[in-house]
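Structure record follows, encoded as structure tokens.
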Amino acid sequence: APTTEAAANAMAANSSRRMPRVIIIGVRKGGTRALLEMLNLHPDIEVARSEIHFFNLDENYERGFGWYLAQMPLSLPYQLTVEKTPGYFASPKAPARIYDMNSSIRLLLIVRDPAERLISDYTQVLYNRKERRKPFQSLEQLVLRKGKLNTNYKAIQRSLYDVHLTNWLRFFSLGQIHIVDGDVLIQDPFSEVEKVERFLKLRPRILRSNFYFNQTKGFYCLNTEGREKCLDESKGRPHPAVNRSILRKLCDYFSEHNERFYKMVGRTFSWCG
Ligand code: A3P
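Numbers 10 to 282, taken from the UniProt record's numbering, label the letters of the sequence shown in order.
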């Protein structure tokens with residue numbers, strides 16, 4: 010923190026909106042909000058709080074880079090601006106558009122067991138529909154058609170990480186994309202955040218003591234300068250029970266895609282275990 014008025018004025022003068030040098034591209038329900046909030050603990054990071062949906066939605070993209078920049082937080086020259094929009098990962102247009110803005114940008118992709126992700130995705134839609142008193146279908150109704158997997162269901166398609174990553178690798182090298190294990194982020198957030206700090210070549214400033222397990226929430230919450238903060242109730246919702254045979258079908262369908270994804274990223278995950 011600046012100690013004198015002159016230092017404070019100098020900081021204010023250098024403070025401006027800057028294009029992001031890091032983007033959390035997804036996946037939806039992977040733990041993108043948790044990751045953003047955790048990175049925001051770092052003094053060299055400023056985050057765009059809301060999702061911008063610039064590169065995935067034509068109506069926003071057409072507003073141009075001036076509009077995009079205006080959505081960014083104020084930052085200082087040494088700080089990295091980070092934005093997160095989980096909708097980018099499965100968007101066919103986002104990779105080329107981001108490359109066009111900055112071909113050396115660094116991307117963060119947080120993945121999670123694809124079946125868990127699908128259930129989380131379904132749960133979010135279910136809550137939203139219930140809140141708006143709209144009709145809703147059971148997961149079974151959406152996932153199965155005449156006893157067969159309905160692979161047109163969007164939430165199934167969003168869990169095909171290999172398919173989407175292929176689009177990104179047409180523009181970016183794997184070295185530019187850091188993959189965060191969303192299942193580990195839930196269990197041991199510090200270990201994953203530490204790896205992101207290293208990938209971004211930041212000074213290690215986030216501490217294990219910045220995280221504490223909150224029994225009521227059932228998740229890790231953040232602790233900074235004596236203030237405690239958990240994510241809001243839309244994160245970490247109870248999931249509906251899913252019938253074993255459906256889970257089996259989903260995992261059978263995902264397994265080939267998972268294997269392909271492991272090969273692409275040169276790393277394995279214990280999904281559908
Ligand atoms: P659930 O609500 O299904 O449990 P996103 O922010 O990308 O929408 O991801 C939401 C998911 O983040 C949550 O899914 C939850 O499992 C996960 N998550 C990871 N760390 C968390 C934390 N510390 N607090 C709350 N949710 C967390």
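We put the beta carbon where it would ideally sit given N, CA and C, even for glycine.
Hey, would you say the C-beta of Y136 is under 7 Å away from at least one heavy atom of ligand 1?
no
Runs of beta strand (DSSP E) wholly within the stretch 136-213 (minimum 3 residues, chain order)
186-190
Could you tell me which of Y87, R214, E92 sits nearest to residue 4, measuring between CA atoms?
The displayed coordinates of the chain run from 10 to 282. Any statement about residue 4 would go beyond what the structure contains.
Can you tell me which of Y271, Y262, S279, P247 puts its alpha carbon nearest to the alpha carbon of D130?
P247
Return the first residue and the last residue of the alpha helix (DSSP H) that R269 is part of.
253-274
What three-state label does DSSP hand I32 in the structure shown?
strand
Could you tell me which uninterrupted alpha helix (DSSP H) segments, each at least 4 residues in length, are contained entirely in the stretch 58-116, listed from first to last along the chain?
67-70, 73-79, 103-110
Helix, strand or coil for E237? Go by DSSP, reduced to three states.
strand
What are the boundary residues of the alpha helix (DSSP H) that includes E242?
It is not in any alpha helix (DSSP H) - E242 carries neither H nor E in the DSSP assignment.
Cβ-based burial, S168 [other Cβ within 10 Å; buried from 16]:
buried
Considering N23, what are the terminal residues of the alpha helix (DSSP H) in which it resides?
14-23
Answer with buried or exposed for W76, where buried requires no fewer than 16 other C-beta atoms within 10 angstroms of its C-beta.
exposed
In this structure, how does DSSP classify I119 when only helix, strand and coil are distinguished?
strand
What do you reckon, is the C-beta of A228 under 7 Å from a heavy atom of ligand 1?
Reading off the sequence, residue 228 comes out as Phe, not Ala. F228: yes, Cβ under 7 Å from ligand 1.
Taking 7 Å as the cut-off, does the CB of P29 come closer than this to any heavy atom belonging to ligand 1?
no
Note the first and the last residue of the continuous beta strand (DSSP E) segment covering I54.
54-56
Close beta carbons around V193, own chain, < 7 Å, minus the five adjacent residues each side:
S200, E201
Just how far apart, CA to CA, sit K157 and Q150?
11 Å
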